[in-house]
Amino acid sequence: MTKSEIAQAFSRGDFEKSFVYITDQTTWDTLGEQNLTGRKEIESFCTNVRAYFDSVTTNFLQLNVIENANCVVINGTAEFIRENKRVSFVSSCDIYVFDANNNIASITSYCIADKS
Numbered sequence: 810m811t812k813s814e815i816a817q818a819f820s821r822g823d824f825e826k827s828f829v830y831i832t833d834q835t836t837w838d839t840l841g842e843q844n845l846t847g848r849k850e851i852e853s854f855c856t857n858v859r860a861y862f863d864s865v866t867t868n869f870l871q872l873n874v875i876e877n878a879n880c881v882v883i884n885g886t887a888e889f890i891r892e893n894k895r896v897s898f899v900s901s902c903d904i905y906v907f908d909a910n911n912n913i914a915s916i917t918s919y920c921i922a923d924k925s
């Protein structure tokens with residue numbers, strides 16, 4: 810997979826496709842929420858997120874994907890629906906930094922929930 814494909818899969822919740830690119834040194838900082846380090850912590854958290862995604866209808870929209878030599882930035886939105894009602898709507902931006910081996914060195918996520 811290319812860096813862009815790895816990042817896009819992770820950002821849309823297809824975590825399993827990206828797990829092979831996460832190392833024990835990978836960090837994931839969701840500002841104001843959590844800071845995870847290493848494959849075990851990140852995979853465990855993703856498993857819980859995946860369970861939530863499976864309990865709702867998810868509508869992900871990736872608006873922009875910007876890539877340079879070692880970085881991919883994706884912004885988009887996520888709408889979560891249960892029983893035909895919107896549970897939440899989030900605007901997000903994920904910044905992926907890759908190491909020389911094409912592994913994810915770090916992820917920084919900004920998530921803003923719609924308050925309405």
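Just so we're aligned, residue 810 is where the sequence shown starts under the numbering used here, counting upward by one.
Built from N, CA and C at the ideal position, the CB exists for glycine as well.
Just so it is clear, the structure is predicted and the values come from calculations on it, not from any experiment.
Annotated three-state conformation of aspartate 923 is coil, per DSSP. Each residue's CA atom was taken as its position, placing valine 899 and aspartate 923 some 6 Å apart. A buried status is given to serine 827, since no fewer than 16 other beta-carbon atoms sit within 10 Å of its beta-carbon.
Non-local C-beta neighbours of phenylalanine 862 in its own chain, meaning closer than 6 Å and more than five positions away in sequence, comprise Gly822, ordered along the chain.
In this structure threonine 835 is buried. Its beta-carbon is surrounded by 16 or more other beta-carbon atoms within 10 angstroms. Linking glutamine 817 to glutamate 850 through their CA atoms gives a straight-line distance of about 20 Å. Taking one beta carbon from each stretch, the region 900–907 and the region 872–882 have 3 or more pairs nearer than 8 Å; the two touch.
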